[in-house]
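Taken in order, these protein sequences are the chains called D and F.
Numbering-wise (our numbering), the first sequence opens with residue 658 and increments by one.
Numbering-wise (our numbering), the second sequence opens with residue 658 and increments by one.
In what follows, a single structure is set out as C-alpha cells and then discussed.
There are 2 protein chains.
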Amino acid sequence: MFRWKPQLFLISFFCKAALCVGQAEDPLPSWHEGQSKQAIIQFIKATTTDGSNDYIDTADRIAVFDQDGTLWVEQPIYTQFFFAIDRIKYMASKHPEWKNQQPYQTVLEGDIEKIQNFTIQEIEKIIAISYAHMTVKEFKETVQSWLTTAIHPRLKKPYTKLIYQPMLEVIKYFDVHGYKIYIVSGGGQEFIRAYSEKVYQIPPEQIIGTAAKVKYEYRDGNPVLIKLPEVLFIDDKSGKPEAINLFIGKQPIAAFGNSDGDQQMLEWSQASNGKSFQLLVHHDDPIREYKYDVDSKVGTFSHALMNEAKKKNWIVVSMKNDWKVIFPPDLDVQALCP
Amino acid sequence: MFRWKPQLFLISFFCKAALCVGQAEDPLPSWHEGQSKQAIIQFIKATTTDGSNDYIDTADRIAVFDQDGTLWVEQPIYTQFFFAIDRIKYMASKHPEWKNQQPYQTVLEGDIEKIQNFTIQEIEKIIAISYAHMTVKEFKETVQSWLTTAIHPRLKKPYTKLIYQPMLEVIKYFDVHGYKIYIVSGGGQEFIRAYSEKVYQIPPEQIIGTAAKVKYEYRDGNPVLIKLPEVLFIDDKSGKPEAINLFIGKQPIAAFGNSDGDQQMLEWSQASNGKSFQLLVHHDDPIREYKYDVDSKVGTFSHALMNEAKKKNWIVVSMKNDWKVIFPPDLDVQALCP
C-alpha cells in the first residue's frame with residue numbers, strides 16, 4: 658500500500674549515463690563551485706585521507722543534520738504540522754465541540770496565516786492530539802499512509818519530494834567516507850522515523866527528535882507501546898547537544914542546521930577535539946523555495962546567529978547562489994537503469 | 658592512566674593454540690553441552706542461514722542484553738552502587754553533617770547488609786549525589802579511574818574482570834552473525850558507557866540505561882554538559898521496551914536478562930514478527946558466584962517470572978550446570994599471541 662519512488666541519492670543530475678553508474682566524480686554535482694562546496698570537500702579530504710594531520714578515526718566520524726529547513730522544506734509551516742492538521746480534520750467528526758474551541762477552530766478553518774502565529778503551547782497541543790493514545794505501530798502506519806497522498810500547498814508535490822538534493826549529496830558524501838549520519842531534529846522523532854529509511858536511507862536508531870513519552874501495556878493480551886500526549890524531551894536549542902549526548906554519547910564533529918534552534922548543536926560539534934565542520938543553510942531563494950533569511954520578518958535565522966557564524970567561521974550556504982537545483986528531479990531511476 | 662587488559666572476547670579457554678587464531682569451532686566453549694547451548698546455536702542457525710524459513714534480514718537482527726546479573730556480577734550490591742559509596746566517602750570531608758544523617762551515615766559506616774535494605778529512594782539519592790553537577794566528561798573519567806583500583810569485596814578482583822565469560826561468548830557469537838548488540842540496563846547509562854567499549858566492545862550509542870537529565874551550559878566560555886541529580890527515565894521493567902523504542906525504534910528479536918526487571922523486555926522481543934529468542938540467567942551457584950535463585954529470600958527472580966519463562970518457552974540458564982567457567986581467565990593475551 659505504501660509505495661515509494663526509488664531512492665535518488667546516487668543520481669548525478671545532468672547526465673543520464675551517470676544515473677546508472679552511481680555518483681559521478683564530482684561528489685556534489687548540485688552545488689555551484691565556490692567557498693561552500695570547497696569547504697565541504699576540503700573537510701572530508703582533511704579528515705579521511707590517510708596520513709592527513711586532521712585525520713579522524715572512523716569511530717569518531719559523526720555528523721548531525723537538522724531536518725526541517727536543512728534537509729527539506731519547512732514553510733509555510735513544518736510538515737509534521739500539516740500532518741497534525743489533517744489528523745485534527747479527520748478526528749473532527751467525533752469532536753463537534755472543536756468547531757467553537759481554539760486552537761481547533763483555526764485548524765479546522767485551515768487558515769495558514771493564523772496557524773503560523775500559533776504559540777508554542779498551541780502547536781504542542783495540536784501535535785500531541787495528532788498522536789495521542791495510538792500505538793507506535795499505528796502512528797507509523799498513519800504517517801506513512803498520509804505521506805502517500807499529502808501534497809504541499811504551494812509547491813504541489815509530495816513532501817518526500819521536497820527534500821534538498823544538494824543536502825542529499827552531502828549526506829551521501831559523508832556516508833561513503835565513513836561518517837555515521839544522525840538526524841537531530843526539533844520535529845517528532847517517530848514522525849521522522851516513519852520515512853527516514855526510504856527518504857534519507859537513515860535507519861530509525863540514527864533519528865533523534867523531540868520525543869513523546871510512551872507507555873507499555875497490553876491490548877488483547879499482546880504488548881503494545883502507546884504514545885502519550887506528554888513530552889519526554891524537546892530536541893531544540895540546548896536540547897540538541899543534550900539529546901546527542903543521550904543517544905550517541907560522543908561529540909559530533911560535523912553539524913548542519915538552518916536556524917537559531919541549531920546554534921548549540923553547531924557549537925557543541927565545534928567544541929569537539931580536532932578538526933570540525935559547521936554549516937547553516939540560509940533561505941534566500943523566494944522563487945525556487947522560500948525566503949526567510951536573516952533580514953526577513955519571519956523565520957528563525959537571527960542576526961545574532963549570523964554574527965556567531967561569522968565569528969566562528971561557520972559556513973553559511975546561500976540557497977540561491979550555492980545550489981544549482983533545490984529538489985531531486987522527477988526521474989524514475991528504475992526505468993532508466995535496467 | 659586508565660589502562661585496560663586486552664580484550665578477552667576471542668579466547669577459547671582450554672587450548673593455548675586456539676587463543677591466537679580467534680574463536681575455535683565451538684562458538685560457546687564455556688558452555689556445557691545441553692539444551693541451553695543448543696537453543697542458542699539453533700536460533701543463530703535458523704535466523705542467519707540463507708534459505709532458512711526463519712531467516713531474518715541483517716537490519717532486523719537486534720539483540721538486547723541486560724547488564725547487572727546478566728553480563729557481570731551484581732551481588733552483594735550492584736557495581737555502580739559500590740562506585741557511589743566510594744564517591745560519598747570521598748566527598749564526606751566536605752560534608753561533616755553526613756556522619757549523623759541518613760542514608761549517608763550507613764554508607765559511610767560501610768555496612769553492606771544495611772545498604773542492601775535501602776529503599777529505592779535512598780538508592781536513587783546516593784546514586785544522584787555521586788554524579789550531581791559533574792560534567793559528562795568528568796564523570797566518565799572518574800568512573801574509568803575508579804575501575805582501575807576498585808576491587809570486589811568477596812571475589813577480590815576488579816569489577817571489569819567479573820564479567821561472565823559464557824555471556825561474552827554469546828555476545829561475540831551474535832555479533833559475528835550480523836546482530837547489532839545493545840545493552841539495556843537499569844543501571845546508569847553513562848556509567849556503563851565509561852567502560853563498555855573496552856569491556857564488551859560495544860560503543861556508547863548501543864548502551865541504553867537509566868538516564869539522568871543533563872544541562873548544556875558554558876564554563877569559561879566553553880560549552881559543557883552538566884549531569885543533574887534528576888532522572889529523565891528509568892530503564893527497568895516496562896521502562897525497558899519503552900527505552901528500546903526510544904533509542905532503536907525497532908523490536909529486538911533476542912533478549913537476555915536475569916530478573917523480574919527484564920520480563921517486559923523479553924516479552925517485547927517475543928512479540929516481534931518471526932522467530933525470536935529469550936534467555937534468563939539463573940543465579941544458582943553460591944560457590945563460584947552467588948545464589949539468589951527463585952527459591953532464595955533475596956534476589957529478584959520471582960516464581961512468577963519462572964512461571965512466565967516456562968509458559969513462554971524462555972531458556973532458563975543454570976549458572977551451576979550450564980557454565981563450565983564463570984569469569985574470563987587471567988591470561989595476558991598479548992604475551993601469548995605475538
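All C-beta atoms, glycine included, are put in the ideal place defined by N, C-alpha and C.
Can you tell which of the options has the C-alpha that lies nearest to the C-alpha of residue i?
i, options, result
"G845/D", "Q724/D, P810/D and K814/D", "Q724/D"
"F796/F", "K894/F, K981/F, L812/F and R850/F", "R850/F"
"A869/D", "V856/F, E899/F and Y873/F", "E899/F"
"P861/D", "I840/D, W729/D, S687/D and V938/D", "I840/D"
"D892/F", "N879/D, A911/D and V871/D", "V871/D"
"I701/D", "K818/D, Q737/D and Y836/D", "Y836/D"
"Q863/D", "W803/D, A928/D, G878/D and F722/D", "F722/D"
"Q778/F", "I769/F, S853/F, D768/F and Q759/F", "Q759/F"
"D711/F", "D877/F, L936/F, I910/F and E690/F", "I910/F"
"T817/D", "I828/D, L804/D and P823/D", "L804/D"
"T736/F", "F848/F, K771/F and G866/F", "F848/F"
"G726/F", "K981/F, D950/F and I784/F", "D950/F"
"R811/D", "W755/D, W971/D, P943/D and K968/D", "P943/D"
"V973/F", "E946/F, L923/F, S929/F and K932/F", "L923/F"
"Q908/F", "K969/D, W971/D, R876/D and V793/D", "V793/D"
"G906/D", "K694/D, S687/D and A716/D", "A716/D"
"I859/F", "V800/F, A720/F and E731/F", "A720/F"
State the DSSP-derived secondary structure class of residue i, mapped to helix, strand or coil.
i, result
"Y712/F", "coil"
"N902/F", "helix"
"G956/D", "coil"
"S975/F", "strand"
"V871/D", "strand"
"S750/D", "helix"
"K967/F", "helix"
"R744/F", "helix"
"I701/F", "helix"
"F796/D", "helix"
"K884/D", "strand"
"Q759/D", "coil"
"P986/F", "coil"
"I944/D", "coil"
"A789/F", "coil"
"S842/F", "strand"
"R850/F", "helix"
"G1069/F", "The displayed coordinates of chain F run from 658 to 995. Any statement about residue 1069/F would go beyond what the structure contains."
"K813/F", "coil"
"L819/D", "coil"
"K897/D", "helix"
"A807/D", "coil"
"F913/F", "strand"
"I784/D", "helix"
"V764/F", "helix"
Could you name the residues of the same chain whose beta carbon sits closer than 7 Å to that of residue i, not counting the 5 residues immediately before and after it, in chain order?
i, result
"Q773/D", "P733 and I734"
"E874/D", "V881 and I883"
"D987/F", "none"
"V896/F", "The amino acid occupying residue 896/F in the given sequence is Gly; Val does not appear at that position. Hits under 7 Å: F890."
"F739/F", "A807"
"A966/F", "L937 and V973"
What residues from chain F crowd round residue i, counting only those whose CB sits closer than 8 Å?
i, result
"I905/D", "P861 and E862"
To which residues of the same chain is residue i closer than 8 Å at the C-beta, ignoring the five residues directly before and after it?
i, result
"K814/F", "I808 and F984"
"A961/F", "D917"
"Q762/D", "W755 and K756"
Identify the contact partners of residue i in chain D, using a Cβ-Cβ distance below 7 Å as the criterion.
i, result
"E924/F", "P880"
"A868/F", "L903"
Residues of chain F with CB under 9 Å from residue i, in chain order?
i, result
"A716/D", "E854 and P860"
Determine the chain D residues that contact residue i at a beta-carbon separation under 8 Å, and present them in chain order.
i, result
"F890/F", "L889"
Excluding the five sequence neighbours on either side, which residues of its own chain have a C-beta within less than 6 Å of the C-beta of residue i, listed in chain order?
i, result
"D952/F", "none"
"I742/F", "V764"
Taking C-beta pairs closer than 7 Å, name the residues in chain F that residue i reaches, listed in chain order.
i, result
"Y873/D", "S895, P898, E899 and Q921"
"V730/D", "Neighbours of V730/D on chain F: none; closest Cβ ~24 Å, over 7 Å."
When you measure from the CB of residue i to every non-hydrogen atom of the ligand COA, does any distance come out below 7 Å?
i, result
"Q846/F", "Among the components of this structure there are no ligands whatsoever, and the ligand COA is therefore not found."
Exercise for the section: Could you name the residues of the stretch 827-857 of chain F whose beta carbon sits closer than 7 Å to any beta carbon of chain D, in the order they occur along the chain? Expected result: Shown in chain order are the members of the stretch 827-857 of chain F whose Cβ falls below 7 Å from a Cβ of chain D: R850.
Practice task
Using a Cβ-Cβ cut-off of less than 7 Å, give me the residues of the stretch 892-920 of chain F that come near chain D, in sequence order.
Solution key: Result list: S895, P898, E899, N902, L903, F904, I905, G906 and K907.
Practice task
Output, in sequence order along the chain, the residues in the stretch 923-949 of chain F whose CB is closer than 9 Å to any CB in chain D.
Solution key: If the cut-off is 9 Å between Cβ atoms, the stretch 923-949 of chain F has E924, W925, Q927 and A928 near chain D.
Practice task
With 8 Å as the C-beta to C-beta threshold (strictly closer), list the residues of the stretch 786-819 of chain D near chain F in chain order.
Solution key: So the close ones are V793.
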